[in-house]
Amino acid sequence: MNYKYLKRISLFSIAAIPLVCGAILTSSVNADDTNTSDTANTNAFISFTGKNSPVNPVNPDNPSQPVNPNNPTGHTGDLAFDYIPANLNFGNHDKNANTQTYSLVDPFASGYKASDDAQDPVGTSMGQSTVLKGAQKDYVFVQLHDMMNPDSGWNVNASFDGYTNSGKTLNGATINLKDGNAQKLSADGQSWSPMTGVSNNIQLGSDNAPQNVLSADKSKSAGITQIYWDPSNISTTIPVGSSSVAGKDQEGFRGKITWNVNATPNSGE
């Protein structure tokens, strides 16, 4: 046998193996290098519903502390009142031939007695004033929320339909709201920041004419807003001779304040 020939063949064959493997490996690396970018997708989801549950009244002193004032409105929607004072009681007084202004009866004021309230029939309060006792002061407040399109602001106004009782009217009577303030709740619900623009010396006549209370443009309208008064700055004025329509016995007169909030599209531009 020609071992020399076989040796040459074997050496040739063994030497050729690395060349073939090298060619395969080189081909594989070159194929990966051509894939220099890639794209893939992930789905993301979110949904929204309208404001279908009421917003609770917030403590005007310290929003981090709970508060449970009587008779929240329970109103829902993107723009709505959360709370308004249910009653303003201006007390029981003797008839007077002159124009008189009477302060709101604050049930938390020193020396308050139930008999101070307006009564009808005798001995029965027509409804205690809706006042919230704060840590530093007492409040009569209105609260609203705005979850609308950010291109809208809003306006709050109020009107008064006058005092009546069984066809008798206290002609020309007014309700007076003096030196009101406004504040906006922070996004985290932990603090208040003051707002400007509350109308001063609001006088609600007996003719149901709406009077502006507060306007907010789109830059400051979103979220929860409160408008509040010190009870001592709320009063009613009865013109000369009006109380003479009351009978000789105690007689109570009722009226209604209507609060309205309306969107003002594209405000603040």
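Residue numbering for the sequence shown is -31 to -1, 1 to 238, as defined by mature numbering (1 follows the signal peptide of the UniProt record, and there is no 0).
Every residue gets a Cβ at the ideal spot worked out from N, C-alpha and C, and that includes glycine.
Could you work out which residue in the options is closest to residue i when comparing CA atoms only?
i, options, result
"isoleucine 226", "Asp47, Ala127, Pro163", "Ala127"
"glycine 224", "Ile193, Ser175, Ala191, Asp120", "Ser175"
"valine 209", "Thr70, Leu173, Asp120", "Thr70"
"aspartate 157", "Gly192, Pro41, Tyr132", "Gly192"
"asparagine 202", "Tyr52, Met164, Asn170", "Asn170"
"alanine 151", "Asn67, Ile144, Asn145, Ser168", "Ser168"
"leucine 113", "Gly216, Ala104, Thr194", "Thr194"
"valine 111", "Thr68, Ala9, Asn4, Trp198", "Trp198"
"proline 41", "Ile53, Ile207, Pro32", "Ile53"
"threonine 206", "Leu146, Trp161, Pro179", "Leu146"
"proline 38", "Asn12, Asp107, Ser160", "Asp107"
"serine 188", "Ile196, Met164, Pro200", "Met164"
"aspartate 30", "Asn12, Ala66, Asn10, Ala104", "Ala104"
"aspartate 148", "Ile196, Ala13, Gln219, Thr5", "Ile196"
State the DSSP-derived secondary structure class of residue i, mapped to helix, strand or coil.
i, result
"aspartate 85", "helix"
"valine 214", "helix"
"serine 128", "strand"
"residue 258", "The requested residue 258 is not part of the displayed model; the chain covers only -31 to 238."
"isoleucine -8", "Any answer about isoleucine -8 is weak, because its pLDDT of 47 lies below 50 and its placement is not dependable; what the coordinates show is given next. Of the three classes helix, strand and coil, the one that applies to isoleucine -8 here is helix, per DSSP."
"serine 121", "strand"
"asparagine 67", "coil"
"asparagine 231", "strand"
"residue 240", "The requested residue 240 does not occur in the structure, where the chain is confined to residues -31 to 238."
"serine 204", "strand"
"isoleucine 171", "strand"
"valine 91", "coil"
"threonine 42", "coil"
"glutamine 180", "strand"
Taking the DSSP output, what are the residues bridged to residue i?
i, result
"glycine 224", "DSSP output for glycine 224 lists no bridge partner at all."
"histidine 114", "Ala49, Ile193"
"methionine 164", "Ala151"
"alanine 185", "Trp123"
"threonine 143", "Thr206"
"aspartate 107", "Lys102"
"asparagine 134", "Lys137"
Can you list, in chain order, the residues of its chain whose CB lies under 7 Å from that of residue i, leaving out five sequence neighbours each side?
i, result
"glycine 92", "none"
"serine 211", "Leu139, Asn140, Gly141, Ala142"
"glycine 221", "Ala87, Gln88, Asp89, Met95, Asn134"
"glutamine 97", "Asn56, Asn58, Pro76, Asp86"
"alanine 83", "Ser94"
"glycine 60", "Tyr71, Val74, Asp85, Asp86, Ala87"
"residue 253", "In this structure the chain extends from -31 to 238, so residue 253 is not present and cannot be described."
"proline 32", "Leu154, Gly158, Gln159, Ser160, Trp161"
So, is residue i buried or exposed, given that buried needs 16 or more other C-beta atoms within 10 angstroms?
i, result
"proline 35", "exposed"
"phenylalanine 50", "buried"
"proline 119", "exposed"
"phenylalanine 17", "exposed"
"residue 239", "There is simply no residue 239 to check, as the chain begins at -31 and stops at 238 in what is shown."
"isoleucine 15", "exposed"
"serine 79", "exposed"
"lysine 102", "exposed"
"asparagine 231", "exposed"
"glycine 216", "exposed"
"residue 246", "Only positions -31 to 238 of the chain appear in the structure, and residue 246 is not among them; the question remains open."
"threonine 8", "exposed"
"threonine 99", "buried"
"serine 190", "buried"
Within a Cβ cutoff of 6 Å, which residues of the same chain sit near residue i, ignoring the five residues on either side of it in sequence?
i, result
"serine 72", "Ser204"
"lysine 137", "Val214"
"asparagine 177", "Ser128, Asp130"
"asparagine 28", "Gln34, Val36"
"isoleucine 144", "Phe129, Leu173, Thr205"
Beta-carbon within less than 8 Å of residue i's beta-carbon, same chain only, minus the 5 sequence neighbours each way: which residues are those?
i, result
"histidine 44", "Pro23, Phe50, Asp51"
"threonine 233", "Ser121, Gly122, Trp123, Asn124, Ser184, Asp186"
"glycine 166", "Ala151, Leu183, Ser184, Ala185"
Is any heavy atom of the ligand FAD found at a distance shorter than 6 Å from the C-beta of residue i?
i, result
"glutamine 195", "This structure does not include the ligand FAD; it has no bound ligands of any sort."
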